[in-house]
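Novice:
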Amino acid sequence: MSQILLAVILTPLLLTADGEAPRSPESLVQAYCFRCHDQDTGKGDIDLESTLESSPLVRHKDTWVNVMERLKNHDMPPEGKPQPTPGERKRLLAWLDQEINHFDYSQIDNPGYEPVRRLTHVEFNHAIRDLFGMDLNLTKDFPIDLSGTSGFDNSANTLFLQPALFERYVAVVDKIIALALPETPKTDEQRAARKRIFVSEPSEDVSEEEAAMTILRRFLKRAYRRPLAEEELDLALATFQTARKAGKDFEGAIKKALSAALLSPNFLLKIESSRDTDQAYRVNDWELANRLSFFLWASIPDERLADLAERGQLHEDSTLRKQVERMLADPKADALGQVFAAQWLGYDDLGVRIRLDPIDNPWCTESLMDAMKAESSLFFVSLLRENQPLHRLIDADYTYLNEELAEHYDLEGIQGEQMRRVALSNAQRGGILGQGSIHAVTSFPHRTSPVVRGKWILETLLGTPPPPPPPNVSEFSDEIEDQEELSERQKLELHRKNPNCYGCHSKMDPLGFSLQHYDWFGRWRDEIDDKPVDARGELPDGTTFTGATGLRRIIIERRFNDLARQITRKMLSYGLGRQLEYYDERAVRQIVSQLEADGYRFHSLILGIVRSYPFQYNKVPDADN
Numbered sequence: 071m072s073q074i075l076l077a078v079i080l081t082p083l084l085l086t087a088d089g090e091a092p093r094s095p096e097s098l099v100q101a102y103c104f105r106c107h108d109q110d111t112g113k114g115d116i117d118l119e120s121t122l123e124s125s126p127l128v129r130h131k132d133t134w135v136n137v138m139e140r141l142k143n144h145d146m147p148p149e150g151k152p153q154p155t156p157g158e159r160k161r162l163l164a165w166l167d168q169e170i171n172h173f174d175y176s177q178i179d180n181p182g183y184e185p186v187r188r189l190t191h192v193e194f195n196h197a198i199r200d201l202f203g204m205d206l207n208l209t210k211d212f213p214i215d216l217s218g219t220s221g222f223d224n225s226a227n228t229l230f231l232q233p234a235l236f237e238r239y240v241a242v243v244d245k246i247i248a249l250a251l252p253e254t255p256k257t258d259e260q261r262a263a264r265k266r267i268f269v270s271e272p273s274e275d276v277s278e279e280e281a282a283m284t285i286l287r288r289f290l291k292r293a294y295r296r297p298l299a300e301e302e303l304d305l306a307l308a309t310f311q312t313a314r315k316a317g318k319d320f321e322g323a324i325k326k327a328l329s330a331a332l333l334s335p336n337f338l339l340k341i342e343s344s345r346d347t348d349q350a351y352r353v354n355d356w357e358l359a360n361r362l363s364f365f366l367w368a369s370i371p372d373e374r375l376a377d378l379a380e381r382g383q384l385h386e387d388s389t390l391r392k393q394v395e396r397m398l399a400d401p402k403a404d405a406l407g408q409v410f411a412a413q414w415l416g417y418d419d420l421g422v423r424i425r426l427d428p429i430d431n432p433w434c435t436e437s438l439m440d441a442m443k444a445e446s447s448l449f450f451v452s453l454l455r456e457n458q459p460l461h462r463l464i465d466a467d468y469t470y471l472n473e474e475l476a477e478h479y480d481l482e483g484i485q486g487e488q489m490r491r492v493a494l495s496n497a498q499r500g501g502i503l504g505q506g507s508i509h510a511v512t513s514f515p516h517r518t519s520p521v522v523r524g525k526w527i528l529e530t531l532l533g534t535p536p537p538p539p540p541p542n543v544s545e546f547s548d549e550i551e552d553q554e555e556l557s558e559r560q561k562l563e564l565h566r567k568n569p570n571c572y573g574c575h576s577k578m579d580p581l582g583f584s585l586q587h588y589d590w591f592g593r594w595r596d597e598i599d600d601k602p603v604d605a606r607g608e609l610p611d612g613t614t615f616t617g618a619t620g621l622r623r624i625i626i627e628r629r630f631n632d633l634a635r636q637i638t639r640k641m642l643s644y645g646l647g648r649q650l651e652y653y654d655e656r657a658v659r660q661i662v663s664q665l666e667a668d669g670y671r672f673h674s675l676i677l678g679i680v681r682s683y684p685f686q687y688n689k690v691p692d693a694d695n
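Take any residue in the sequence shown, count from 1 to its spot, add 70: that is its number in this note's numbering.
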């Protein structure tokens, strides 16, 4: 059929009621949205004029998903403003759905870019540990690392090296050298550190310069995480020689050179070599070794990784698989529970931003909060090391406890301070949803919030956050809040009757209510205000469930794909050290597909990330990316 004939047939169908051709979706956005959300107004920090000009639309997916939700619920345009006709609203939603939910990511070839960034405080501490063999942890008094837009503190958009922070490094490096390499070692750790660093010494057959070069070449290669340029070794040797001339003995002069190396940008910063090309390029094996070690260990490559990188073998698929399995078995992989999972799930806030007054709550000790965090961390790492399927994050029948935490949970038979794996005989504590750390960080002080917990499940665990609430909407209206005889469930039921609130609360509240048996610090309870706990939940489609057991079933049976995608997206973002962009969706889908083929096991997830295009390639950004 010719295009002319097709146009003759379709044109009458596309005409509006008054006989005019319909406006384009872009013109509808301009007509109904720009009066409040253009470049000049930007009400609610939403500039749809600039966003509409930034193609493809999917690069600002969260904004357009919010727009779609507002259009569906008739929240926008607000009352009193010109409204699209039902046909225009339907056409606009169909266009956005196509552009956002059915975008062809295969047309995008961009692995993203690895910008220069400093080590996080954790990475700095771990690097010092692996260089000297001593866990000194000297950054406790540093300003905290901020979480970037990725949700992790290793995000490149927050890791700058300010002058004030560099002054802290200077003081800390002096302490490192003094503690690790004292003139007279007193502990086994110090003696081991000396042996690790002073791999050569002057003798009748070895000159001071030769010994110094041997020591510095080995140390700098590990500290800089790549082969050395000759001028870098010459500079370190010059520092050694200057110190000798100033009266330092051989050992003292070496320490001066080590201190200078630890203050070098080559140590403090992650720097990858750039290429003079606008095309994507594979990172070299040394850069891959760094990406791999900071991903799995939050630390520098060890000698095995460095050896493989030097021989150009690390990028080989069979080698990568063996190294991933080796690295996950290493205790240094505990960082995935202590850093990645803690920041993703939020339990790193426990004992820091979330804590109780010890005078009024003497039971809430530092050791209890440490045990709660350790439970979640050890549990998550066990899933990785044992290559368990992803659903065990939700429905595992074991956890990690010590005596104090077991007493907090009212469980018997656990003695001693040591955390150990404990099989569970009931479903109260199974999986991440039964762990006190999660309940503490999703509650207000001294009271639970089904809304906060429900939002956490949707946003953090499943990656399907509800849209932002409409402007000027509080948790409850004054009229509802003042009805003290109503339970929280009854107040929320009244709150949901507001059409502007129903869309979000109908999704969040049932999930949160199913966890009401856990109090604001994760203790089990059967009553609230002398009334039996009501842990029933009902989804918008009428599906009902009760308690944590029912919630686990709902997540695994109905939302497992969302869970798998969310774990993939969060771990990929953490592994890359940056926020994911729209062009990373192609890699996410490939990893999830590989996961499905292998029964959704954790090793497939890790390997999928390590093998992925954005993990193994780089691309210098241009004006459009």
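From the three backbone atoms N, C-alpha and C, an ideal C-beta is built for every residue, glycine too.
Fair warning: this is a prediction, and the values are worked out from it, not measured in the lab.
1) Please state whether DSSP places residue 532 in a helix, a strand or coil.
2) Let's see if you can read the secondary structure: which residues bound the beta strand (DSSP E) around residue 614?
3) Look at the Cβ atom of residue 465, then the Cβ atom of residue 494, and state whether they are nearer than 8 angstroms.
4) Ignore the nearest five residues each way along the sequence and tell me which others in residue 163's own chain have a CB closer than 8 angstroms to its CB.
5) Considering only residues of the same chain and omitting the five flanking positions on each side of residue 78, which have a CB-CB separation below 7 angstroms?
6) Tell me the start and end of each unbroken alpha helix (DSSP H) in the region 431-490 that is at least 4 residues and wholly inside, in chain order.
7) At a threshold of 7 angstroms, does residue 414 count as lining the ligand ZN (C-beta to nearest heavy atom)?
8) Please determine, among 282, 590, 240 and 574, the residue with the shortest C-alpha to C-alpha distance to residue 504.
9) Go to residue 607, then tell me how far its beta strand (DSSP E) extends in each direction, as first and last residue.
10) Do residue 390 and residue 681 have their C-beta atoms within less than 8 angstroms of each other?
11) Measure the CB-CB distance between residue 510 and residue 470 and report whether it falls below 8 angstroms.
12) Given this structure, state the Cα-to-Cα distance separating residue 617 from residue 325, to the nearest angstrom.
13) Roughly how many angstroms lie between the CA atoms of residue 662 and residue 489, to the nearest whole one?
14) Is it the case that the region 152-161 contacts the region 194-203, given that we only count it when at least three CB pairs across the two stretches are under 8 angstroms?
15) With a CB to CB cut of under 6 angstroms and the five nearest residues on each side skipped, what residues in its chain are close to residue 409?
16) Exposed or buried, what is residue 225 when buried is set at 16 or more other beta-carbons lying within 10 Å of its beta-carbon?
17) Pull up the CB-CB distance for residue 696 and residue 687, whole angstroms please, since I reckon it's below 8 angstroms.
18) Using the DSSP secondary-structure output, state which residues sit across from residue 597 in a beta bridge.
19) Starting from the Cα of residue 102, find the closest Cα among 159, 130 and 623 and give me that residue.
20) Counting along the chain, where does the alpha helix (DSSP H) carrying residue 134 start and finish?
21) Grab the span of the alpha helix (DSSP H) containing residue 661 for me, first residue to last.
22) What residue from 239, 273, 628 and 127 has the CA that sits closest to residue 611's CA?
23) If distances are taken between C-alpha atoms only, which option among 639, 645 and 648 comes closest to residue 656?
24) Check whether the Cβ atoms of residue 524 and residue 622 lie closer than 8 angstroms to each other.
25) Apart from the five residues on each side of it in sequence, which residues of its chain come closer than 6 angstroms, Cβ to Cβ, to residue 588?
26) Which two residues bound the contiguous alpha helix (DSSP H) that contains residue 161?
27) When DSSP labels each residue in this structure, what does residue 688 get in the three-state scheme?
28) Kindly identify the DSSP beta-bridge partner or partners of residue 518.
29) Thinking residue 350 and residue 181 are a contact (beta carbons under 8 angstroms), I'd like their distance in whole angstroms, please.
30) Within the same chain, show all residues whose beta-carbon is closer than 6 angstroms to that of residue 202, passing over the 5 residues directly before and after it, in chain order.
31) Can you tell me which of the three DSSP states residue 703 falls into?
32) So does the region 162-179 actually touch the region 313-328, counting three or more Cβ pairs closer than 8 angstroms?
33) Using a Cβ-Cβ cut-off of 6 angstroms (strictly less than) and excluding sequence neighbours within five positions of residue 200, which residues of its own chain qualify?
34) Quick one: Cα of residue 674 to Cα of residue 414, how far?
35) Leaving out the 5 sequence neighbours to the left and right, which residues in its chain are closer than 6 angstroms to residue 421 when beta-carbon positions are compared?
36) Where does residue 243 land, buried or exposed, given buried means 16+ other C-beta within 10 angstroms?
Specialist: Reading from the atomic positions:
1) In this structure, residue 532 counts as coil in the three-state DSSP scheme.
2) Per DSSP, the continuous beta strand (DSSP E) segment holding residue 614 begins and ends at 614-616.
3) Not a contact, by the Cβ cut-off of 8 angstroms.
4) Same-chain partners within the cutoff: 138, 141 and 142.
5) Any answer about residue 78 is weak, because its pLDDT of 41 lies below 50 and its placement is not dependable; what the coordinates show is given next. Within its own chain, no residue has a Cβ closer than 7 angstroms to the Cβ of residue 78 once the five positions on either side in sequence are excluded.
6) The region 431-490 is shown to contain whole alpha helix (DSSP H) runs of 4 or more residues at 436-455, 462-465 and 473-478, in chain order.
7) Ligands are entirely absent from the displayed structure, and the ligand ZN is therefore not among its contents.
8) The shortest C-alpha separation from residue 504 is found at 590.
9) 606-608 is the span of the beta strand (DSSP E), which, as asked, contains residue 607.
10) Yes, the Cβ-Cβ distance between residue 390 and residue 681 is below 8 angstroms.
11) No, they are not a contact pair.
12) Approximately 60 angstroms, taken between the alpha carbons.
13) Residue 662 and residue 489: Cα-Cα distance of roughly 33 angstroms.
14) These segments do not touch.
15) Spatial neighbours of residue 409 in its own chain (CB-CB distance under 6 angstroms, excluding positions within 5 residues in sequence) are listed in chain order as 192 and 368.
16) Result: buried.
17) Shown here, the chain extends from 71 to 695; a query on residue 696 therefore has no answer.
18) Under DSSP, residue 597 takes part in a beta bridge, and its partners are 602.
19) The residue with the shortest Cα to Cα distance from residue 102 is 159.
20) Where residue 134 is concerned, the enclosing alpha helix (DSSP H) starts and stops at 131-142.
21) Taken as a continuous stretch (DSSP letters only), the alpha helix (DSSP H) holding residue 661 covers 655-667.
22) It is 628.
23) Ranking 639, 645 and 648 by Cα distance to residue 656 puts 639 first.
24) Against a cut-off of 8 angstroms, the Cβ pair of residue 622 and residue 524 comes out as no contact.
25) Excluding positions up to five away in sequence, the list reads 509.
26) Counting along the chain, residue 161 sits inside the alpha helix (DSSP H) bounded by residues 156-171.
27) DSSP places residue 688 within a strand segment (E or B) once states are collapsed to three.
28) DSSP output for residue 518 lists 513 as bridge partner(s).
29) The Cβ separation is near 5 angstroms, so the contact holds.
30) These residues qualify, in order along the chain: 250 and 263.
31) Absent from the model: residue 703. The displayed extent of the chain is 71 to 695, so no value can be given.
32) Here the region 162-179 does not lie against the region 313-328, with fewer than 3 beta-carbon pairs under 8 angstroms apart.
33) Spatial neighbours of residue 200 in its own chain (CB-CB distance under 6 angstroms, excluding positions within 5 residues in sequence) are listed in chain order as 369 and 370.
34) Cα to Cα, the separation comes out at about 19 angstroms.
35) Here the set comprises 439.
36) Under this definition residue 243 is a buried residue.
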